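From first to last, the protein sequence lines stand for chains H and V. Under the working numbering, read the first sequence as residues 1 to 265, first letter to last. Under the working numbering, read the second sequence as residues 1001 to 1299, first letter to last.
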Amino acid sequence: MARRKSDRMQQIERMALYPLDWLEERSGLIGGVRYFLFRKVPGDTSWWHTLGSATLTAFLVQLATGVILAMYYKPDVNSAHESVQHITNDVWAGWLVRGMHRWGASVFIILMFMHMGRVFLFGAYKYPRELNWIVGVLLLATGLFEGLTGYLLPYDQTAYWATVVAININGTAPFVGPFLASLLRGGAEIGPDTLARFYSLHMLLVPGALLGLIGLHLYLVVRLGVSSPPWSPEAAGGQPEPEPPPARSGLVQPRPRAGVRGRPE
Amino acid sequence: MDDPRGDMERHESPPSLWPVGAIGAALVAVCGFLWARDVVRGGRATTVATAPPLEEGRAPGAPPIPADKGEAAMPEPAPGERFPRNVFLENATLGLGAIIGGVVTLPVIGFAVMPAFLKQHSHEVDLGPISNFQEGQYVVATFLREPSQGEVSRRTAFIRNNGLLHGKPSFTCISNRCAHLGCPVQPGGPTFDDKSKTVKTPSGQVSLIPSLPAAGFICPCHGGTYDQEGNRIAGPPVRGLDRFEFWIRNGNLILGNTYSVAQVTGTGANAEIKRYTLTGPGQHVDGIESWLYPLQPPH
Ligand code: HEM
Ligand code: FES
């Protein structure tokens, strides 16, 4: 049994919690966050289930570093390349933040594919989670488009010609392709407008769409609950696995709780 | 007097803002102290739950009296019945919302989309006197197609003087945009940088580098290969290289718009060109695949 807290401690605790209580009473936000963080998941979720959160983390890193890069980047055909060189070579820690954003972009895409692979291999897209798979496909397409629009921004030879090729690939889509290509270029030819257009798409429109879709995705995850892995005896209606033998003691070893056998449901 | 303040007014330094800050700090300190005292004493910590007052004539513990059984209750509507005013208000809200939404979004969407298709004006580039183009030799010409846009509009053409045809100068003017996906194709042979020329023309600076594309033209991106007339020989391109319209004005070679080419038979001045309107790279201009691209946006 914990020692009874001293009066002083109780007073301090009450003062510390007061702002949270204030917020909770007026918004219910604290309860919402607790509901989100401490919701029940099947006992046999594994590291594979963390890939979605890993993708989310990569996305948040892109958001943070991107916002700061935008403070130094100049979306103009005559200064874009120079401003990126400036960020890399002159601005304090610019090389680091740019590097995080550039490598993080690939990390984000790779994690998205790995998460999709885990959902596919676990059969987690089946009823009632089909809609979340569909939202996921939209997230994948939007995420790839974010990568495409960002690739032009350094405005060096690779960026320019890769974008030429990418736009022209879109141009070969039947019927609508030529119009799609003009829409992306902002005209019949790549010009000054193309860069500004890609910049706006890359930093405002597409991230906004991603945020909305991620919100919907997580809403469905919370509403439907995370699925058990396909090998789960619990999900197959069997008995829960017996409690593993007590591990060596460590920081995170859970205490046995009185009267509870097996894993908490 | 233009300036209402006049020039005479003395510019005194504004009063210091420090007193305001000091008063603020004092207020924060006093209120903070009072608040902390309140919280510590528990004067605010609990909210007392009070039971809602009971309606008249309701026994404690009995279910609440429904609104339509109370005094001055409305007559119970038939199932599915709605009041006309209710329906009207709903339609008015939705209709007005749609109108306002349309008035706001349509121009904005048009602003984003239309400029990509309107005013795609034609170009004209002056490459300077035709005496700079030796008969039978290819020249790599680079120029700004839209000088006001600067470097982004730099384009390259492969120009060959074919001599005279029916008494008129004949030129082959090939665009370097690959017909696969638009990379810049290169001459398959030496370029003679030591013999390059920079010509000042009404269209700005034009650089002319003689070249000997013995193996035709080759694309660095995916290996598309073309012969000296721009016909596709190998690789992924779906047709020949585009060409520029050209004409002679005051002894200068002028390049106009580009057009697409399916195939060229014959060479030089005697070439027969199957000509089509300008089409994006990767799109067929003839054959059954061209049915996939019935419409082209304005170029
Ligand atoms: C921006 C990209 C994405 C983010 C941030 C994201 C995030 C998440 C998170 C946090 C979960 C919770 C369970 C877990 O982590 O495995 C989840 C589940 C899920 N995701 Fe994603 N996801 C993304 C892309 C995708 C894609 C591309 C697909 C498939 C096309 C997809 C399909 C699903 C499905 C079906 C579930 C439910 C799985 C279950 O309940 O076991 N997601 N997602
Ligand atoms: S762009 Fe020339 S071969 Fe692909």
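Every residue, glycine too, gets a C-beta built ideally from N, C-alpha and C. Just so it is clear, the structure is predicted and the values come from calculations on it, not from any experiment.
### Task
Note down, in chain order, each residue of its chain lying with its Cβ closer than 7 Å to the Cβ of H:Leu148, except the 5 sequence neighbours on either side.
The sequence position of residue 148 of chain H within the first sequence is 148, counting from 1. Closer than 7 Å at Cβ, skipping near neighbours: Ala166.
### Query
Given a threshold of 16 other Cβ atoms within 10 Å of its Cβ, counted over all protein chains shown, does V:Asp1194 qualify as buried or as exposed?
Numbered from 1 along the second sequence, position 194 holds the residue referred to as residue 1194 of chain V. Result: exposed.
### Message
Any heavy atom of the ligand HEM closer than 7 Å to the beta-carbon of H:Ile110?
### Response
Within the first sequence, numbered from 1, the residue matching residue 110 of chain H stands at position 110. No, Cβ of H:Ile110 sits at least 7 Å from all heavy atoms of the ligand HEM.
### Task
Find out if the Cβ-Cβ distance for the pair V:Glu1229, V:Ala1269 is shorter than 8 Å.
Residue 1229 of chain V sits at position 229 when you count from the first residue of the second sequence. Residue 1269 of chain V sits at position 269 when you count from the first residue of the second sequence. Not in contact: V:Glu1229 and V:Ala1269 (Cβ atoms no closer than 8 Å).
### Task
Would you mind sorting V:Glu1289 into buried or exposed? The rule is 16 or more other CB atoms within 10 Å of its CB.
Along the second sequence, read from residue 1 onward, the residue named residue 1289 of chain V stands at position 289. Exposed, since its Cβ has fewer than 16 Cβ neighbours within 10 Å.
#### Entry: Contact with chain H by V:Ser1301, beta-carbon distance below 8 Å
The requested residue 1301 of chain V does not occur in the structure, where chain V is confined to residues 1001 to 1299.
### Task
Identify, in the order they occur along the chain, each residue of the same chain with its Cβ nearer than 6 Å to the Cβ of H:Glu265, setting aside the five sequence neighbours on each side.
Counted from its first residue, the first sequence places residue 265 of chain H at position 265. Note on H:Glu265: pLDDT 42, under 50, position unreliable in the model; the coordinate value appears next. Taken in chain order, the list of residues that qualify is empty.
### Message
By the three-class DSSP mapping on this structure, what secondary structure does V:Tyr1138 have?
### Response
Within the second sequence, the letter at position 138 stands for residue 1138 of chain V. Reduced to three states, the DSSP call for V:Tyr1138 is strand.
### Query
Mind pulling the beta strand (DSSP E) runs of 3 or more residues that sit fully within the segment 165–211 of chain H?
none
#### Entry: Contact residues within the segment 187–203 of chain H, judged by C-beta distance below 7 Å to chain V
Gly187, Ala188, Ile190, Gly191 and Pro192
### Query
Mind checking whether the beta-carbon of H:Phe38 lies closer than 7 Å to any heavy atom of the ligand HEM?
By 1-based counting over the first sequence, the position of residue 38 of chain H is 38. Flag unset: Cβ of H:Phe38 not near the ligand HEM.
### Task
Answer with yes or no whether the minimum CB distance from V:Ala1157 to chain H is below 8 Å.
Along the second sequence, read from residue 1 onward, the residue named residue 1157 of chain V stands at position 157. Cβ-Cβ to chain H under 8 Å: no for V:Ala1157.
#### Entry: Coarse secondary structure for V:Val1039, derived from DSSP in three states
The count along the second sequence starts at 1 and reaches residue 1039 of chain V at position 39. Helix, per DSSP.
### Query
Does DSSP put V:Ala1262 in a helix, a strand or coil?
On the second sequence, position 262 is the one that residue 1262 of chain V refers to. Strand, per DSSP.
### Task
Mark H:Gln85 as exposed unless 16 or more other C-beta atoms lie within 10 angstroms of its C-beta, in which case mark it buried.
Along the first sequence, read from residue 1 onward, the residue named residue 85 of chain H stands at position 85. Using a 10 angstroms sphere on the CB of H:Gln85, the tally of other CB atoms stays under 16, which defines it as exposed.
#### Entry: Residue from H:Ile190, H:Ala141 and H:Thr142 with nearest C-alpha to H:Ala162
Locating residue 162 of chain H in the first sequence gives position 162, where the first residue counts as 1. That would be H:Ile190, whose Cα lies nearest to the Cα of H:Ala162.
### Query
According to the neighbour-count rule (16 or more other Cβ atoms, all chains shown, within 10 Å of its Cβ), is H:Glu146 buried or exposed?
By one-based count along the first sequence, residue 146 of chain H stands at place 146. Flag for H:Glu146 reads buried.
### Query
For V:Leu1118, which of H:Gly212, H:Ala188 and H:Tyr35 has the nearest alpha-carbon?
Taking the first residue of the second sequence as position 1, residue 1118 of chain V is located at position 118. Nearest C-alpha to V:Leu1118: H:Ala188.
### Query
Near V:Asp1227, what residues of its chain come up, given a Cβ to Cβ distance below 6 Å and the 5 sequence neighbours on each side ignored?
By 1-based counting over the second sequence, the position of residue 1227 of chain V is 227. Excluding sequence neighbours, V:Asp1227 sits near Gly1216 and Ile1233.
### Query
Do V:Pro1297 and H:Pro178 have their C-beta atoms closer together than 8 Å?
Position 297 of the second sequence, counting from 1, holds the residue named residue 1297 of chain V. Position 178 of the first sequence, counting from 1, holds the residue named residue 178 of chain H. The answer is yes: Cβ separation under 8 Å.
### Whether H:Arg98 touches H:Ile87 by CB criterion (8 Å)
Position 98 of the first sequence, counted from the start, is the residue given in the question as residue 98 of chain H. Position 87 of the first sequence, counted from the start, is the residue given in the question as residue 87 of chain H. Annotated as proximal: H:Arg98 and H:Ile87, with beta-carbon spacing under 8 Å.
### Message
Rounded to whole angstroms, what is the Cα-Cα separation between H:Met116 and H:Gly136?
### Response
By one-based count along the first sequence, residue 116 of chain H stands at place 116. By one-based count along the first sequence, residue 136 of chain H stands at place 136. Rounded to the nearest angstrom, the two C-alpha atoms are 8 Å apart.
### Message
Taking a contact to mean a Cβ-Cβ separation below 8 Å, would you say V:Gly1163 touches V:Glu1135 in this structure?
### Response
For this step, residue 1163 of chain V is matched to residue 163 along the second sequence. For this step, residue 1135 of chain V is matched to residue 135 along the second sequence. Closer than 8 Å, so yes.
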